[in-house]
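In this text, residue positions in the sequence shown follow my numbering: the first is 1, and each later residue adds one.
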Amino acid sequence: MATKFVLLFLFFFCCCFHGYLAEDPDLYFNWRVSYSTRSPFGVDKKVIVINDQLPRPLLNATTNNVLHVNVFNNLDEPFLLTWNGVQMRKNSWNDGVRGTNCPIPAGKNWTYVMQVKDQIGSFFYFPSLAFQMAAGGYGPIRINNRIIIPIPFSLPYDDVDILIADWYNMDYKRMRNWLDLGFPLSRPDGILINGSPPGKATFNFKPGATYRLRISNVGIKTSLNFRIQGHKMRLVEIEGSYTIKQYYDSLDIHVGQSYSVLVTADQSPAVSYYVVASARFTDFDLYGYANLNYGGSSKSPSGPIPQGPPRDDINFSMEQASSIRWDLKVGAARPNPQGSYHYGQIKIARTIVLQNDQAAIGNKKRRFTINNVSFKYKKTPLKLADYFKIPGAFNTTLVPDVPVDRVPILGTPVIDAHYKDFIEIIFQNIESSVQSWHLDGYNFFVAGMEKGKWNSNLRSTYNMVDAIFRSTVQVYPNSWTAILLALDNMGTWNIRSQDSERRYLGQEIYMRVEGDDPDHISPRDEMPFSPSLLLCGKSNISS
Numbered sequence: 001m002a003t004k005f006v007l008l009f010l011f012f013f014c015c016c017f018h019g020y021l022a023e024d025p026d027l028y029f030n031w032r033v034s035y036s037t038r039s040p041f042g043v044d045k046k047v048i049v050i051n052d053q054l055p056r057p058l059l060n061a062t063t064n065n066v067l068h069v070n071v072f073n074n075l076d077e078p079f080l081l082t083w084n085g086v087q088m089r090k091n092s093w094n095d096g097v098r099g100t101n102c103p104i105p106a107g108k109n110w111t112y113v114m115q116v117k118d119q120i121g122s123f124f125y126f127p128s129l130a131f132q133m134a135a136g137g138y139g140p141i142r143i144n145n146r147i148i149i150p151i152p153f154s155l156p157y158d159d160v161d162i163l164i165a166d167w168y169n170m171d172y173k174r175m176r177n178w179l180d181l182g183f184p185l186s187r188p189d190g191i192l193i194n195g196s197p198p199g200k201a202t203f204n205f206k207p208g209a210t211y212r213l214r215i216s217n218v219g220i221k222t223s224l225n226f227r228i229q230g231h232k233m234r235l236v237e238i239e240g241s242y243t244i245k246q247y248y249d250s251l252d253i254h255v256g257q258s259y260s261v262l263v264t265a266d267q268s269p270a271v272s273y274y275v276v277a278s279a280r281f282t283d284f285d286l287y288g289y290a291n292l293n294y295g296g297s298s299k300s301p302s303g304p305i306p307q308g309p310p311r312d313d314i315n316f317s318m319e320q321a322s323s324i325r326w327d328l329k330v331g332a333a334r335p336n337p338q339g340s341y342h343y344g345q346i347k348i349a350r351t352i353v354l355q356n357d358q359a360a361i362g363n364k365k366r367r368f369t370i371n372n373v374s375f376k377y378k379k380t381p382l383k384l385a386d387y388f389k390i391p392g393a394f395n396t397t398l399v400p401d402v403p404v405d406r407v408p409i410l411g412t413p414v415i416d417a418h419y420k421d422f423i424e425i426i427f428q429n430i431e432s433s434v435q436s437w438h439l440d441g442y443n444f445f446v447a448g449m450e451k452g453k454w455n456s457n458l459r460s461t462y463n464m465v466d467a468i469f470r471s472t473v474q475v476y477p478n479s480w481t482a483i484l485l486a487l488d489n490m491g492t493w494n495i496r497s498q499d500s501e502r503r504y505l506g507q508e509i510y511m512r513v514e515g516d517d518p519d520h521i522s523p524r525d526e527m528p529f530s531p532s533l534l535l536c537g538k539s540n541i542s543s
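Laid out in structure tokens, this is it:
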């Protein structure tokens, strides 16, 4: 009888957790994570590679595919990957951040299982644990349209993944220790394009052909401006949303953001062109560049690197951000138009203001805060602590919906949110640097951004018709950004600064999205606990 029960449970679990629908294709990937040595700027550094590649391998999927990514951790410490922008429908169990997953121990492997449901677009993955992103371990993600759903532009000749990033020669473990001692990171040592230093990467275009470039800023903390000498870029997609098609000479791409542009090889094939990524909103100039050649030529660009907007020009960047709009007339993962969802007509159920700051806390070491709380992890992931009902693992009242004047503290806060609510989150930046924020499990509408301090009267300035729908958004110095989102994805989800220094030192929080009866959740709303999940901390004892 017991054997029959176990078999019935496993059948139910496989149907709900893995299969979704029998016709959804399963894709399998085996990734070996290990160390290698690279020296893009003349200094040897231990980096993290996957299948001996940095960046890559490409995770290439189609809407509704079920992905099985078996990760072998050959590092000397635990490891986690997270999937930046992939919405993980009903499945925060596999989100790959420390609040939802136990790390993969050194010398062990574990398989992520996830469905890329109702989603298309350009994204990336990266290590989410212990400042390992500073050593690499990142790569591109493409989620393609199903054949029956046309893309809203002519099929490009080819897709090209371009990962741009700031780079530090310092070993990532030393960087980690440096931050633990309370010291800030210095300026980066350079900028990489697809893991290569200036002038070492080359893109070869066929004359007259149009290419789709999928560009992601996978760096630690530096906003970058991307441009191609002599070529216009036609923006078509941002993090899973098709945009109104507009041409740009350059694009500001903040940390954690992904853009998709069309570029036509319509210039003279007799010369080579610069592909440039340069630092923005810094007190220093820093450039990375690659070569664009036509027809397999080996020429190198000549002359000065083409200039982008002034390094500290906030107005240019804000105006560009406001010009990017959702294309209401086209479909994305489904055949119905993006504009069939009238977000501007939905009543806002709750407003949450999240204010970033920094402070000396406890031992007087530098920390970063949200509403005066700096996030500190405990040994048991929040999601598992919640499932096993482990007391004291987190606090749902520690961060109020609006900032209060109090002494900054360490804590493990979780925002409790109600499934199916439509809410407003205000990212309030009271500092002099650009911030970048990401929400796992969701895309949201970027309804507004302005300088100054937010108040409810400013809702009159919101774009309530065709605001871009994305998962990572910038907040300019001493400014605010307002996002709107429908809480249609049950689970525990990470809200984080995409600045790795800030995230490592506490600038993140989790949002637990639950229905009316959290003890009886339908598998239609959230995938059930899997016996194959890694356990750690008190969850390992409870099991």
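Backbone N, C-alpha and C define an ideal beta-carbon position, used for all residues, glycine too.
- For Asn177, the uninterrupted alpha helix (DSSP H) run begins and ends at Tyr172 to Asp180, by DSSP.
- Counting C-beta pairs closer than 8 Å gives three or more between the region 264 to 281 and the region 225 to 236, which meets the contact rule.
- When Glu508, Lys108, Met233 and Ala290 are compared, the shortest CA-CA separation from Arg212 is found for Met233.
- In this structure, Leu129 lies away from Phe203, with their beta-carbon atoms at least 8 Å apart.
- Using a 10 angstroms sphere on the CB of His418, the tally of other CB atoms stays under 16, which defines it as exposed.
- Here Asp266 really is in contact with Gly208; their C-beta atoms are around 7 Å apart, less than 8 Å.
- Annotated as distal: Ser216 and Leu251, with beta-carbon spacing of 8 Å or more.
- Per the Cβ contact rule, the region 135 to 150 is not in contact with the region 501 to 514 (fewer than 3 Cβ pairs under 8 Å).
- Note: Ile238 is bridge-paired with Ser241 and Tyr259 in the DSSP secondary-structure output.
- The Cβ neighbour count for Lys117, taken over all protein chains shown within 10 Å, is at least 16; the residue is labelled buried.
- Distance check between Asn443 and each of Glu239, Lys383 and Thr100 places Glu239 closest, using alpha-carbon atoms only.
- Note on Lys365: under 16 other CB atoms within 10 angstroms of its CB, so exposed under the neighbour-count rule.
- About 14 Å separates the CB atoms of Val49 and Ser39; that is not less than 8 Å, and the two are not in contact.
- Runs of beta strand (DSSP E) with 3 or more residues, each lying fully within the region 422 to 460, are found at 422 to 429, 435 to 439 and 444 to 451, listed in chain order.
- In this structure, the straight-line span from the alpha carbon of Ser317 to that of Thr472 is close to 16 Å.
- DSSP places Asp161 in the strand class (E or B) of the three-state scheme.
- Straight through space, the alpha carbons of Asn64 and Tyr112 are spaced by roughly 16 Å.
- Of the residues Leu80, Met464 and Lys45, the one whose Cα lies closest to the Cα of Tyr125 is Leu80.
- The shortest C-alpha to C-alpha distance from Arg503 to any of Thr396, Pro400 and Asn356 is the one to Asn356.
- Lys329 and Gly339 have their alpha carbons spaced roughly 6 Å apart.
- Between Val261 and the set Ser241, Phe368 and Pro269, the nearest pair of CA atoms involves Ser241.
- Scanning the region 330 to 417 for uninterrupted alpha helix (DSSP H) segments of 4 residues or longer gives 382 to 387, listed from N- to C-terminal end.
- In this structure, Tyr172 places its C-beta atom within 8 Å of the C-beta atom of Gln132.
- In the DSSP assignment, Thr62 is bridged to Asn144.
- Beta-bridge analysis with DSSP links Asn463 to no other residue.
- Taking 8 Å as the cut-off, the beta carbon of Ile305 is found closer than this to the beta carbon of Tyr289.
- For Asn540, no beta strand (DSSP E) run applies; the uninterrupted alpha helix (DSSP H) run containing it begins and ends at Gly537 to Ser542, by DSSP.
- Rounded to the nearest whole angstrom, the C-alpha separation of Met170 and Lys45 is 7 Å.
- Close CB contacts of Asp76 within its chain, under the 6 Å cut and outside five residues either way in sequence, are with Ala106 (chain order).
- Taking 8 Å as the cut-off, the beta carbon of Pro413 is found closer than this to the beta carbon of Phe394.
- Three or more pairs of CB atoms, one per stretch, sit closer than 8 Å, so the region 322 to 337 contacts the region 453 to 473.
- Cβ-Cβ distances below 6 Å link Lys538 to Thr380 and Ile390 in the same chain, with the five nearest sequence neighbours on each side left out; the list follows chain order.
- Nearest to Ile191 by alpha-carbon distance, out of Met527, Gln87, Ser223 and Leu484, is Ser223.
- Counting only runs that start and end inside the region 182 to 208, there is no alpha helix (DSSP H) element of at least 4 residues.
- At the C-beta level, Ile104 and Asn73 come within 8 Å of one another.
- Around Asp166, the same chain offers Pro188, Ile191, Gly219, Ile220, Lys221 and Thr222 as residues with beta carbons nearer than 7 Å, after the five sequence neighbours per side are excluded.
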